[in-house]
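K.L.:
In case it helps, numbering that gives the first Met the number 0 puts the sequence shown at residues 0 to 162. Here it is, the structure, as structure tokens.
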Amino acid sequence: MASTQERQADLGWSLGALLRGYLKLSAEAVGDLPGGARGFQVLSIAASNSCGNQAQIADSTGLDRTVLTYLIDDLEKAGLVTRTPDPNDRRSRRVTLTDAGSERLSQLTDRMNQVEDRLLAGLPGDDAAALRKIVARAAHALDEEAEQVCETIDQVRDEVASA
Numbered sequence: 000m001a002s003t004q005e006r007q008a009d010l011g012w013s014l015g016a017l018l019r020g021y022l023k024l025s026a027e028a029v030g031d032l033p034g035g036a037r038g039f040q041v042l043s044i045a046a047s048n049s050c051g052n053q054a055q056i057a058d059s060t061g062l063d064r065t066v067l068t069y070l071i072d073d074l075e076k077a078g079l080v081t082r083t084p085d086p087n088d089r090r091s092r093r094v095t096l097t098d099a100g101s102e103r104l105s106q107l108t109d110r111m112n113q114v115e116d117r118l119l120a121g122l123p124g125d126d127a128a129a130l131r132k133i134v135a136r137a138a139h140a141l142d143e144e145a146e147q148v149c150e151t152i153d154q155v156r157d158e159v160a161s162a
């Protein structure tokens with residue numbers, strides 16, 4: 000059996016402990032939103048206007064497209080998002096925030112910032128900010144392919160719109 004010291008030095012154990020804490024706190028913070036943390040992700044993506052169609056959102060979040068469809072249905076019923084045909088591809092639906100969705104996202108973002116602050120409260124000085132940057136860099140490196148797909152789609156959309 001691993002000692003406490005060995006376990007604390009193990010990246011997998013550390014990431015797992017942080018993830019469990021994050022999931023628990025975030026469930027409390029956004030539990031009243033349709034889809035909880037997943038719903039928050041969709042609202043955040045819709046607000047950024049990157050990867051706005053459903054297929055791209057599914058790829059970006061790692062959600063099954065069918066699951067995402069039901070989640071967006073629930074967010075739409077709650078008046079937080081709308082789906083509209085993509086002007087550059089009528090087969091595709093863009094997900095956009097409503098005014099109520101923007102307001103709700105702002106409130107939830109404040110809550111999620113508090114979750115992150117609570118989760119990282121034990122880190123001294125600038126360590127919390129450094130950890131956020133390092134983890135974001137590692138995540139983006141893993142997700143670089145998905146980002147490139149979104150950027151390519153945006154470039155094609157811009158070229159079609161300007162033609």
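Backbone N, C-alpha and C define an ideal beta-carbon position, used for all residues, glycine too.
Do the CB positions of Leu10 and Arg37 come within less than 7 Å of each other?
P.N.:
No, the pair does not count as a contact, with Cβ atoms beyond the cut-off.
K.L.:
Suppose contacts are defined by Cβ-Cβ distances below 7 Å. Is Val94 in contact with Ala45 by that definition?
P.N.:
The answer is yes: Cβ separation under 7 Å.
K.L.:
Should the segment 82-94 be regarded as contacting the segment 114-127, the criterion being three or more beta carbon pairs within less than 8 Å?
P.N.:
At 8 Å Cβ cutoff, the stretches do not touch.
K.L.:
Could you please give me the residues that DSSP links to Val66 through a beta bridge?
P.N.:
Paired residue(s): none; Val66 is not in a bridge.
K.L.:
Can you give me the C-alpha to C-alpha distance between Asp31 and Lys76, rounded to a whole angstrom?
P.N.:
If I take the Cα positions, the gap works out to 14 Å.
K.L.:
Can you give the Cα-Cα distance for Asp109 and Leu24, rounded to whole angstroms?
P.N.:
Spanning the two alpha carbons is a distance of roughly 13 Å.
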